[in-house]
Every structure is written in C-alpha cells, then in structure tokens.
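Here is the structure we will look at, set down as structure tokens.
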Amino acid sequence: MALDLIEQIRGFPRHLSQHVGGFVLTRGPLSDYVPIENAAMQDRTIIEWDKDDLEALGLMKVDVLALGMLSCMRRCFELLEQHYGERYSLASIPAEDPAVYEMLSRGDSLGVFQVESRAQMNMLPRLRPRTFYDLVVEVAIVRPGPIQGDMVHPYLRRRNGEEPVEYPSVELESVLGKTLGVPLFQEQAMKIAIVAAGFTPSEADQLRRAMATFKKGGMLHRFGDKLREGMAARGYDPDFADRCFKQIEGFGSYGFPESHAASFALLVYTSSWMKKHYPEVFACALLNAQPMGFYAPAQIIRDAQEHGVEVLPPDVNASDWDNTLAFPSGRPTGGLPSSSRWPDIRPRPYAIRLGLRQVKGLSEEDARCIAVARDNGYPDMLSLWRRSGASVAALETLARGDAFASMGLARREAFWAIRALPDEPLPLFAAAAAEEWGDVAQGAEALPAMTVGEEVADDYRALRLSLKAHPMALVRDQLTVTGRVPAQALWDLPDGALVRLAGIVLVRQRPGSAQGVIFITLEDETGVANLVIWSDRFEQYRRAVLSASLLEVWGRVQKVGKGEHQVIHIMAQQLFDRSELLAQMQVADGEMVVLDSSPVEPPLARADEVVRPLRDDPRLASLAGREEPAYPMPSLQSASEPRLRTIGQAGHWGTGQGVGRSVERAVQTPHTGLDAPNPFGPRDHHQGSGRVR
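First residue of the sequence shown: 173, per the numbering used here; consecutive thereafter.
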C-alpha cells in the first residue's frame, strides 16, 4: 500500500512558490477570473494558479525581471552628475563609439554586463565587435544552444573571411543574411521551419515553445521528422536538414531570441562606455551594487587600479556606508598592480574611497551613525565612541578593518584604545575619566608593529581584499628561485612554451557544453592566467583543483590571435596545491603568527562553480563533494588583536570538524573548505601549537 501511494505522488510538486516578478492582466476584476490567496509577506496576495493554467485560459501574463546592471547604471549616472556635472541616460550615451569597441575587442570587459565571463572574454578578441549588432551576436553566441548546435566556429570563420558565406537557397538568405548563414536566434529557427520545411505559423510557435523549455519538457524531438520531411520535399539536402535540426536542438539547451539579445546588448554597450570613459565611476557604482555579476569586490578593485584609479581604504573620518569618489591622495599604494596590460592608461581625476560596507560584520546602522555624527572628524577613539553611540563590538569590527588610520592608529593600537574605553561615567567625573583613558591609551605605543604579511592576512579577513600588497608578492622570491614565472611573463613567451606558474584561485568553471573541461583563473601581483584542464587531468589532480587556494600549474602556453588581441591559455599538464606558501607568508622572525579563526571570504569570484555548483548538473554537484584539503591549516587568531594576557604566552590551534556530506547536501552547502574559501588555508584544521606575537 505504501509503495503504491508513493508511486502515485511521484512527480508531484514539493511546494508552491511565488513568482518574483510575474503579474496577470484581466479585462475585469482579477478576483472574477482567478482564485487569490494571501501570501506570506504582509499586504501581498498571490494567484493560486501557475503559468500553464493561466495560459490555458488565455489570460495575459507578464514577467518583469530585475537586472542588477540597471541599478549599477543608475548609480553611475548619479555619480557622473554629482562629480562631473554631466547628465546621461541609457538613451543618451553616445552611440557607436570606436574606443568602446576597441576596449571590448581586447577582452577588457571585467564588470561589463553579460560579457565579463571567461568564455565571453575569450570570444571578444575573436569576434572583435565594431557595431551594435555585433554586440547582439556576442550576447547570443556564447550560449549552450549555439555552442552545442555547432554554430560558433562557422560564424567566426565566415566573419573572418576564412570560409565563404553560402546559403542553401535564396529564400533562406533573407532569413540568415544578418548572421552570415548561421542561425543564432530563436526567431531564425522559426522562420527556417516556415520557409524551408512548410511549418504553419502555429506550428512554428509550438516549436518556439519547445525551444523555450530548456530541455525540461523534452518536446523538441517531436519536430525532427516533420522538419526533415518538409525540407526534403522542398529539395533541401538531407545532411543540411539534419544540421538544421541539430542547431535547433541546441536552442533547447538555451538560446536567445534576437529581441532579448538586442536589449541585453544595449546594457553591454552602455556599461562598456562607462567603463571606458569613467572607470572610477563604473567601479564605484559596481561595488555599491553588490552582490551582482561575476566577480568579487577584490577583482573589481584590482581592475579599477589597472585602469588608473587610486583606491583609498575605509576610514571612520572619510568613509560613508557606500563607496564614494574622492580626490586622489597622490601616494602610491602597495596593493596597486605592478603594471597594466591595457594601453593608454592615465591617472584618473577621482579616487574611490572604500565605504564602511566593505568591512565584514559592520552593520549599516552603525556605519550611518558614525557618518552622521562625524561633523569635522573624530580626533580620537573616545570622541568617536561618545558622539556616534557605536558599540564596542562595532568599533572592534572597524579596528579589524584598519579603519582608524586618520587617528594615527594602526590595528593593534586601535584595539588597545578600544579596550581602554571607560565605563561611561557620570558627567561630574567625565573629565577625570577622559584623562585616565588618555593615560591608558598611551600604552599602545609599546605594541610591536605588524608585518606586511600579518597586515595583508587581516585585510583579507576583514575586507576580503588588501590595498597594501598582493599575497603573491610576499612569496614571489620563493617562487622565482624555483623557476615559477609571474602571469605577466606569459605575454613574452612563445606559443607552445612550457611554463611553471602559481597564483591565487579566482574562479573554477565547468560549463556543461565543454565536454568535461574545467577552466580556472589564477591571479598574482602582475595579472591573471587562464588554465584549461582536460577531464583526465582533472581526475588525476582532483584534490588540488578543488581545494587549493594557491595553485601551481605546469603546462604549455597556447596563444590565439596577435598583439593586444591575443587570447592566452595554459594547457595544464600537472597541478599542485601550494596553499602552504600562504601560511609561510605570515611567519615573522621564525614564529608562526596565530590568526583569526572566524570564517574568511577571499577574493574568489562569485561565479566559482565549486562553491556554487549548478543544481541540475550531477558532475558539478560531485565537484562540491567530500574532498579533503591537501594541506590542512591551523585555526587562526587575528594578529592585530593585542592580548590582554602576557605577550608571548603560548596559544594553540583549533580542532577540525567532520565534513562528510552526501552529494545532494553538498550542492546546497559545499565543503567548508570551499563554501567560504580562505586564501590563507582551508578551515578544516588539525591540532598544533604556535606562538602569539
């Protein structure tokens, strides 16, 4: 009986969900046509039927979806008017700017809407857009549909004059003329079915609906025989008919309507224009619009620096909650990339002042209280505490973020000053308490200065980035001695050269259309390196690929294109986890620095598919499974927090926790060494001992 009941409910919906942006239009009152119920959110109601029910009744359903880039562009326009006095909108940005297309043709598109992924950055120098319609094609072509339908390479060869543009018939030339004889859009697939196979408009619309199901409905195969028979009856070659249907099948994985691609291309162009002409405005707005897009704030900031933008650290006397534009300090910063591979880069008239929102753990309420009460600035910690009403916990969070430099306080001095704050006295004794606090705070002068490695480690812990130095710069000497080259050296190496290189893992991707190939982007102090890892190499070096924070690769350089339009990859042959180098970075005078044991968010890209695997891909689910890190690291205590016990007293590292999970669970909550990866070591720890400085 139980098994029979189970079989009957198999495939039933688990629960009802609410469409985030769908609404229904009816001629009369909505309640006369559809059942309505209260939603969980106050003052919200929902329709009890789903989209299929509404469609069956012929009711008009509209989906209104939000795009983070629209919010980002609004912020761009506000900053542009505030600081440059220029007013623009999406409609008024100058069209067809050659400088914008040249920037995109170099693959310089980090942060740009829809073309910032690894695949798009590689496609841009090959397609080399020169007009707006080229961007429409660019948006549509790097999709599972065109890739699986074998549409990409024929289009590129024809665009570059490497093969002739041919059409099977004059009637199809009118359908495929704009895309050089290659169907890239859903509308073209429908027109091919009508023109070449004799579909009626109604049947072509059914084909469109089948393509829009993204393989969930499995309906496309029903049209195969009809398409082939119809094309054969009209004299088309059977091989051409098979290729047409293969391309149409590709749309079942995910293909764009031309209208959709065109609307997205507008945002591609406008965001590219802003990045090209006002990189500080674009980066500042992009940071304030987070979380969105492909990259973490650390990569956005690094890219801004490579485009001539100075980035200033968060500070209680200068920062608001949001990131803002400020006048440059004129001082070089240690975190600035050693060089930029982009041409014609000049210093920008405005710098980005990081907002207090970048400090991990600080609430917006505390940050706004500090900004409102600031007036002409806070001369010391006591003044800040009393005037802003910020809690001691909030002040300690800011100290971890090194946000007291304008008071002349480094991290340790700031912690000392915070812990010396008195219990709030009665007004009669306030002066005496302030004098006593000043005497205690003077003791901070005896605290030892932090090493650069300690500072960088605490920066990543509190801000998820560092403006002082790149972690790889601190281990460069060790890497150079052993023959490991920086990423910048790849530009000078010939195609086919063997190379050894190491860098921080930014993003790992395994596209479903790439036949098991994994793409990894590494970063060092000079730039980025893109790795290609074939499936057999992945199986051989699976542990290093999945768990390394710092990855070393031995491989062969592959170059496509010429000059600044080159696309460079390293075809990986061997891979090694070198995360232990990041622990050595924090060693000072032979003693291990004990750092913070709290979760750390490093500059790992938001699109990393080990951290956020695609739920419908079992192979990606397995990537997030039960791999153990190759180099277990100690639990770490912040080096910036001075101990109230005796300096030099022995500390210890924490004990690890078991992390066994099923694959299904791992998809939702990946291995703790991966869900919030730590560039200074995974968070599955072993026991040990160390010295506290």
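The beta-carbon is built from N, C-alpha and C at its ideal position, and this holds for glycine as well.
Beta-bridge partners of Phe195 (DSSP): Val234. Bridge pairing for Ala498: Ala523 [DSSP]. The DSSP-derived three-state label of Trp493 is coil. DSSP places Gln730 in the strand class (E or B) of the three-state scheme. Nearest C-alpha to Pro207 among Ile219, Val531, Pro316 and Gly200: Ile219. Between Leu747 and Ala716, the CB-CB gap stays under 8 angstroms.
Under the three-pair Cβ rule at 8 angstroms, the stretch 398-405 counts as touching the stretch 354-372. If you draw a straight line from the Cα of Phe710 to the Cα of Ala562, it is about 50 angstroms long. Membership of Arg672 in the beta strand (DSSP E) is indicated by the continuous run Leu670 to Gln681. Counting the other CB atoms within 10 Å of its CB gives Gln419 a total of 16 or more, which places it among the buried residues. Approximately 6 angstroms separates the beta-carbon atoms of Leu276 and Ser444; this is inside 8 angstroms, confirming the contact. Counting along the chain, the unbroken alpha helix (DSSP H) around Ile472 starts and ends at Pro469 to Glu478.
Under DSSP, His642 takes part in no beta bridge, so it has no partner. For the beta strand (DSSP E) assignment, the stretch 266-321 encloses no uninterrupted run of at least 3 residues. Straight-line measurement puts the Cα of Leu637 at about 13 angstroms from the Cα of Gln477. For Leu554, DSSP assigns no beta-bridge partner whatsoever. Between the stretch 456-475 and the stretch 254-273 there are fewer than three C-beta pairs closer than 8 angstroms, too few to call the two in contact. Residue range Gln358 to Ala369 is occupied by the alpha helix (DSSP H) that includes Glu359.
Here the stretch 514-523 makes no contact with the stretch 573-582; the two share fewer than three CB pairs at distances below 8 angstroms. Each residue's CA atom was taken as its position, placing Arg415 and Ser341 some 15 angstroms apart. In the DSSP annotation of this structure, the continuous segment of the beta strand (DSSP E) that includes Gln746 starts and ends at Val739 to Asp749. Assignment of Val653 by DSSP, reduced to helix, strand and coil, places it in the helix class.
Look at Ile705 here: in three-state DSSP terms it is strand. Per DSSP, the continuous alpha helix (DSSP H) segment holding Glu401 begins and ends at Gly396 to Ala405. Ile472 places its beta carbon 8 angstroms or farther from that of Leu484.
When DSSP states are grouped into helix, strand and coil, Val725 belongs to the strand group. In the displayed model, Leu188 falls within coil according to three-state DSSP, outside both helix and strand.
By the C-beta density criterion, Lys447 is buried, having at least 16 other C-beta atoms within 10 angstroms. Collapsing the DSSP output to three states places Asn460 in a helix.
Beyond the five residues adjoining it in sequence on each side, Glu343 comes within less than 6 angstroms, by CB distance, of Val367 in the same chain, given in chain order. Your pair Ala433 and Ala312 checks out as a contact, with CB atoms roughly 4 angstroms apart and the cut at 8 angstroms.
The count of Cβ pairs closer than 8 angstroms, one atom from the stretch 486-493 and one from the stretch 524-542, reaches three, so the stretches are in contact. Spatial neighbours of Glu724 in its own chain (CB-CB distance under 6 angstroms, excluding positions within 5 residues in sequence) are listed in chain order as Ala674, Phe748 and Arg750.
Selection Val192, Ile692, Leu662 and Leu718 evaluated against Arg728 yields Leu662 as nearest (Cα-Cα). Under the Cβ criterion (8 angstroms, minimum of three pairs), the stretch 641-650 counts as touching the stretch 688-698.
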